[in-house]
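Taking it in order: structure first as structure tokens, then the write-up.
Protein chains: 2
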Amino acid sequence: MDKLRKHIEDVVPISDGEFDFVKPFFTYKRVKKHQYLTQEGDTVTFEYLILSGVFRMFYLDSEGKEYIVQFAGENWWMADYQAYFKEKKATLHIVCMEDAEVLCLNLHGRETLSAELHKMEHFFRAKLTNGYVALQRRIISLLASTPQQRYEEFGQLYPHLMQKIPKKYIAEYLGVSRETLSRLYSNRVTQ
Amino acid sequence: MDKLRKHIEDVVPISDGEFDFVKPFFTYKRVKKHQYLTQEGDTVTFEYLILSGVFRMFYLDSEGKEYIVQFAGENWWMADYQAYFKEKKATLHIVCMEDAEVLCLNLHGRETLSAELHKMEHFFRAKLTNGYVALQRRIISLLASTPQQRYEEFGQLYPHLMQKIPKKYIAEYLGVSRETLSRLYSNRVTQ
DNA sequence: TCAAAAGTGTGATCCGCGTCACACTTTTTC
DNA sequence: GAAAAAGTGTGACGCGGATCACACTTTTGA
């Protein structure tokens, strides 16, 4: 729970009393590699704050192809937010790629925290603001950049993920085939 | 200003007194077709709530090609948020496509409103939540759908924009060339 | 520890879509 | 209301990247 407090205080300082109020809304959970947090069709009860480990969230099309919406490591929040906020069934999958620990928060908890503690509403707004800007940047990148450029942008933005995540998933994130991505950087030095 | 109050109260009810506090943070502005609200390199002082009219926001690459990040009509908020929040220079352009009226809010105003009035922080969080989910859906669409499907999805999501916006801009939004988009729906009936 | 699973590189082929080009229509603008 | 600007359809052509196929390497897990 120390990590949670630190995570919140990166945005707003809170008192011991306030943190005592916040704590019980979160539940701790260990997750093993390959384990699913969410599958298409599930009821999405929780969003997750990742304390350690790595996850991928992806959309699965009718042919069984994966399209990665997001990777998430330490201090990232993740959920099928469409389903979570609107209380619909999940359309995305979330899978653990590296043994992990997470904190779970349900929608009622999020809304109660926001309503009761102005600071927490501020915290969530700040997180959303960053997330919104990041998604917008990704859209621009998908529209305007070549696969080559997108790969480089990804490397600059997430150098640590670049190392520990298999290239095939990075390809799925960038919207290129595995093979094309492979050719991109094998040609890079020579040209 | 009536519209503003109604817009806010779609999310949270507020008292007359509260609205009197909110009002002065907004300034009214008329905008004519072809007029820019923001250009690449500008300092982004304001975000805009659109009362009437239509805008497009786009990224312009080094070859002069446009990539549309967002359209916005009545009751939409719009700004180069990356620049606005981080107080950097704009990388996007915002152009009026149909004579418009907007309300302008600067970052200081947004933050003051959020800090002083919990309800307003809640309002902004609610807006961001919706925006976040919408952007995520668009990313999935860009990754997983064919141009054909994306065109249909766009039509379902924004039927009114579909009518009043020239197809060439819709193509730029979908990430296809104008010509390809044109061929998509000329072939649609026959196959 | 060793078999199975997952990840990766690379050749061959194919096709969707971008690009260029041009004619035609519609809308703007003064 | 005429000239200019903007939007649109469609043909020809070529390329970037998807797909399929296979060999090889690395990681995983009973």
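If you read the protein sequences in the order shown, they are chains A and B. For the first sequence, counting from 1, position 7 maps to 7 in the working numbering; every step adds exactly one. Just add 191 to wherever you are in the second sequence, counting from 1, and you've got the working numbering. We put the CB at the ideal spot given by N, CA and C, even for glycine.
Where residue i falls, given that 16 or more other Cβ within 10 Å makes a residue buried
| i | result |
| --- | --- |
| THR129/A | buried |
| ASP2/A | exposed |
| THR381/B | Caution applies to THR381/B, whose pLDDT of 38 falls short of 50 and renders its modelled position unreliable; the model cannot decide the point. |
| THR27/A | exposed |
| TYR323/B | buried |
| LYS280/B | exposed |
| SER377/B | exposed |
| LYS358/B | exposed |
| ALA144/A | buried |
| THR229/B | buried |
| GLN70/A | buried |
| LYS119/A | buried |
| GLY17/A | exposed |
| ALA72/A | buried |
| ALA171/A | buried |
| GLU370/B | exposed |
| GLU63/A | exposed |
| SER206/B | exposed |
| GLU47/A | buried |
| HIS313/B | buried |
| ARG110/A | buried |
| LEU157/A | exposed |
| ARG374/B | exposed |
| ASP201/B | exposed |
N- and C-terminal bounds of the alpha helix (DSSP H) containing residue i
| i | result |
| --- | --- |
| LEU161/A | 159-164 |
| VAL22/A | 16-22 |
| MET197/B | Reading off the sequence shown, one finds Lys at residue 197/B, where the question assumed Met. Segment 193-200, the alpha helix (DSSP H) holding LYS197/B. |
Where the beta strand (DSSP E) through residue i begins and ends
| i | result |
| --- | --- |
| GLY244/B | 237-251 |
| LYS359/B | Run containing LYS359/B: none in the beta strand (DSSP E); it sits in the alpha helix (DSSP H), 358-365. |
| VAL31/A | 27-31 |
| THR43/A | THR43/A -> no beta strand (DSSP E), and no H or E assigned at all. |
Pick from the options that is closest to residue i, judged by C-alpha positions
| i | options | result |
| --- | --- | --- |
| GLU101/A | ASP20/A, GLN35/A, ILE8/A and ALA171/A | GLN35/A |
| THR45/A | THR91/A, ARG183/A, ALA79/A and LYS33/A | ALA79/A |
| VAL95/A | ILE68/A, HIS108/A and THR112/A | ILE68/A |
| ALA126/A | ASP290/B, ASN266/B and TYR272/B | TYR272/B |
| ALA83/A | ARG369/B, GLN354/B, GLN327/B and LEU375/B | GLN327/B |
| ARG221/B | ASP201/B, THR234/B and PHE246/B | PHE246/B |
| GLY41/A | GLY109/A, HIS93/A and ASN106/A | HIS93/A |
| LYS256/B | TYR360/B, LYS223/B and LEU308/B | TYR360/B |
| PHE249/B | MET288/B, VAL213/B, PHE216/B and SER206/B | MET288/B |
| SER6/A | THR43/A, LEU60/A and GLU74/A | A quick correction: the sequence has Lys, not Ser, at residue 6/A. When only C-alpha atoms are compared, the closest one is GLU74/A. |
| GLY53/A | ASP61/A, LYS32/A and LEU60/A | LYS32/A |
| TRP268/B | ASP290/B, GLU278/B, LEU296/B and LYS277/B | LEU296/B |
| SER203/B | ILE356/B, ILE331/B, PRO215/B and LEU308/B | Sequence inspection shows Val at residue 203/B; the Ser mentioned does not correspond to that position. Residue LEU308/B is the option with its Cα nearest to VAL203/B. |
| LYS177/A | PRO147/A, HIS160/A, GLU152/A and LEU51/A | According to the sequence displayed, residue 177/A carries Ser and not Lys. Of the candidates PRO147/A, HIS160/A, GLU152/A and LEU51/A, the one whose C-alpha sits nearest the C-alpha of SER177/A is PRO147/A. |
| THR43/A | ASP20/A, LEU107/A and MET162/A | LEU107/A |
| LEU240/B | GLN340/B, THR303/B, MET353/B and LEU195/B | LEU195/B |
| MET174/A | ASP10/A, SER114/A, GLU152/A and VAL22/A | A small fix is needed here, since residue 174/A is Leu in this sequence, not Met. With distances taken between Cα atoms, LEU174/A lies closest to GLU152/A. |
| LEU251/B | PHE154/A, ILE8/A and ILE140/A | ILE140/A |
| LEU181/A | GLN149/A, LEU161/A and LYS164/A | GLN149/A |
So if I threshold CB-CB distances at 8 Å, which residues from the region 27-47 of chain A count as touching chain B? Answer in chain order: no residues at all.
Near-chain A residues of the region 311-338 of chain B - C-beta to any C-beta below 7 Å: GLU312, HIS313, PHE315, ARG316, LEU319, THR320, GLY322, TYR323, VAL324, LEU326, GLN327, ARG328, ARG329, ILE330, ILE331, LEU333, LEU334 and ALA335: these are the residues of the region 311-338 of chain B whose beta carbon lies less than 7 Å from some beta carbon of chain A, given in chain order.
Could you run through the region 53-80 of chain A and flag, in chain order, every residue whose CB is less than 7 Å away from some CB of chain B? Only those residues of the region 53-80 of chain A whose C-beta falls short of 7 Å from the nearest C-beta of chain B are listed: TYR59, ASP61, TYR67 and VAL69.
Every unbroken beta strand (DSSP E) inside the region 69-127 of chain A [3 residues or more]: Runs of the beta strand (DSSP E) spanning 3 or more residues and lying entirely within the region 69-127 of chain A occur at 92-106, in chain order.
Positions along the region 284-314 of chain B whose CB lies within less than 9 Å of some CB in chain A: Residues passing the 9 Å Cβ filter: SER305, ALA306, HIS309, GLU312 and HIS313.
Name the residues in the region 156-180 of chain A whose C-beta lies less than 7 Å from a C-beta of chain B; which are they? Against chain B - using a Cβ distance shorter than 7 Å - the residues of the region 156-180 of chain A are GLY175.
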